[in-house]
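Remarks on the structure that follows.
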Amino acid sequence: MTEDYDPDSCTSRPRAGREGRGSFIQGDGNIDSDTPGPGRLEKMESSNEHHMRQENQARKLETAEMRMLRWMCGHTRLDRIRNEVFRKILHVANISDKAREGRLRWSGHVRRRSQSAPIRKVELLTVEGKGEGGRPRLTWDE
Numbered sequence: 001m002t003e004d005y006d007p008d009s010c011t012s013r014p015r016a017g018r019e020g021r022g023s024f025i026q027g028d029g030n031i032d033s034d035t036p037g038p039g040r041l042e043k044m045e046s047s048n049e050h051h052m053r054q055e056n057q058a059r060k061l062e063t064a065e066m067r068m069l070r071w072m073c074g075h076t077r078l079d080r081i082r083n084e085v086f087r088k089i090l091h092v093a094n095i096s097d098k099a100r101e102g103r104l105r106w107s108g109h110v111r112r113r114s115q116s117a118p119i120r121k122v123e124l125l126t127v128e129g130k131g132e133g134g135r136p137r138l139t140w141d142e
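Heads up: the sequence shown begins at 1 in the UniProt record's numbering, then just goes up one per residue.
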């Protein structure tokens with residue numbers, strides 16, 4: 001028995017002999033109670049806003065996003081369906097791109113403030129004294 005896959009919907013029927021795949025989505029479209037709670041999505045959103053500076057964190061966030069999208073559609077990586085298919089079905093943009101848009105929007109708000117605003121004063125702030133050893137920290141301009 002092969003899996004019937006409709007690219008216009010996220011529902012599918014699991015193949016015979018492969019228990020566990022597609023078991024979260026019931027035949028009537030409801031989701032089983034053994035799935036993770038909604039707190040996981042909230043953690044991902046807060047992580048998106050505060051910790052996107054490093055590429056490693058961005059990659060982990062994208063991986064978590066794709067796992068969640070696959071889970072929502074009842075598929076696993078074993079199904080070998082491309083990420084673009086899930087994004088197209090669910091009409092979802094890449095989370096890294098959305099985070100970048102948010103950072104650029106915030107940067108625009110800061111740039112439009114007057115030079116006397118506290119946030120603009122911090123941009124040009126020079127710290128006196130000896131710093132800690134090691135690699136220099138990034139500045140606002142970098």
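Heads up, the beta-carbon is just placed ideally off N, CA and C, and yes, glycines get one too.
These numbers were taken from a predicted model, which means no experiment stands behind them.
Shortest Cα-Cα distance from Arg80 to any of Glu128, Ala93, Val122 and Met66 involves Met66. For the pair Glu101 and Val110, the CB atoms are not nearer than the 9 Å cut-off. Counted as a single uninterrupted DSSP element, the stretch harbouring Ser114 is not any alpha helix (DSSP H), since DSSP gives it neither H nor E. Between the alpha carbons of Lys98 and Lys130 lies a distance of about 38 Å. Approximately 4 Å separates the beta-carbon atoms of Phe86 and Leu69; this is inside 8 Å, confirming the contact. Distance from the CA of Ala117 to the CA of Thr76, rounded to the nearest whole angstrom, comes to 50 Å.
Gly131 carries a coil assignment under DSSP once its states are collapsed to helix, strand and coil. Taking all protein chains shown into account, Gly108 has fewer than 16 neighbouring C-beta atoms within 10 Å of its C-beta and is therefore exposed. In the structure shown, Gly74 adopts coil according to DSSP, grouped into three states.
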